[in-house]
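First the structure, in the form of structure tokens, and then the observations on it.
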Amino acid sequence: MFTVLLNNLLSKACRASAQYLRLLCYALIVICTQLHAASDQLSEHQQSIDNSSQAGKVVLVLGDSLSAAYGLTQEQGWVSLLQDVLAQHNNPDLATIKIINASISGETTDGGLARLTRLLHQHQPTDVLIELGGNDGLQGHSIKKLKTNLRDMIKQTLAAKTQVAVQQMQIPTNYGARYNNMFMNAFSQVATESQVPLVPFFLTDIALQPELMQNDGIHPTAEAQPLIAQFMLDNWIIPLVLR
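All the letters of the sequence shown, read from the start, carry residue numbers 3 to 245 under the working numbering.
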């Protein structure tokens with residue numbers, strides 16, 4: 003009788019111990035799983051911090067054929083060459099800058115304004131260069147309309163919390179001195195009114211050297227592109243993008 007009772011007690015104790023061990027093991031598994039998940043989240047958070055610290059500025063060039071490497075390969079154009087110069091620079095703030103070239107040959111300020119919303123949403127740049135207006139002038143467009151489009155592009159870019167600079171443009175005197183002067187002054191007037199930087203025209207000196215211009219007298223040659231890239235580094239990227 004005593005032996006049977008003892009065996010029953012031992013059996014119950016063993017079952018209780020086994021159940022306890024199973025619960026303990028389950029609890030340990032849950033704890034380990036949660037710790038692993040927390041560790042993964044911490045790693046992802048740290049990776050996000052690391053990526054954020056390594057990420058550089060994204061600059062968007064909204065331009066025409068002068069920035070679209072007209073008559074050349076894209077790799078020969080000043081925008082691509084400038085990207086190469088930045089990537090090899092020993093200044094990490096310059097080396098991490100990414101340039102998005104949204105330039106199209108023949109583009110006007112009408113076209114640039116129409117594309118800008120999508121480009122800002124798609125690329126979310128930190129800086130935008132508006133290199134447009136030359137084709138407006140070559141086609142004799144209204145100076146008033148040119149200025150309105152420039153203002154609207156500036157407003158839209160600033161509303162997106164993005165820095166913006168306007169490129170000064172020049173054209174031949176096809177429509178007479180009065181139109182040419184109005185055209186030339188339009189860019190500085192809009193930049194001043196909008197309180198944004200005006201980048202000097204990058205062909206001012208190059209256009210005076212026929213060997214650096216294509217046969218049309220409007221577009222620079224491949225040999226001129228490195229000079230433009232250096233000019234834009236000195237007059238746009240360093241003083242305005244890094245400010």
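Glycine residues also receive a C-beta, built at the ideal position from the N, C-alpha and C atoms.
- Under the criterion of beta carbons closer than 8 angstroms, Leu64 and Val130 qualify as touching, at roughly 6 angstroms.
- In the DSSP assignment, Leu62 falls outside any alpha helix (DSSP H) and lies within the beta strand (DSSP E) extending over 60 to 65.
- At least 8 angstroms separates the beta-carbon of Arg153 from that of Val201.
- DSSP lists Val61, Gln165 as the beta-bridge partner residues of Asp129.
- The continuous stretches of beta strand (DSSP E) do not include Ile230, which lies in the alpha helix (DSSP H) extending over residues 227 to 234.
- When secondary structure is reduced to three states using DSSP, Val201 falls in the strand class.
- If you check the CB distance, Leu62 and His123 do not come in under 8 angstroms.
- Listed as beta-bridge partners of Lys100 by DSSP are Val60.
- When secondary structure is reduced to three states using DSSP, Met184 falls in the helix class.
- In this structure Gln227 touches Gln78 by the C-beta definition: roughly 6 angstroms separates them, less than 8 angstroms.
- Separation of the CB atoms of Asn137 and Asp66 is rounded to 6 angstroms, and the pair is thereby assigned contact status at 8 angstroms.
- When the five nearest sequence neighbours on each side are left out, the beta carbons in the same chain lying within less than 8 angstroms of the beta carbon of Ser190 are those of Gln170, Leu200, in order along the chain.
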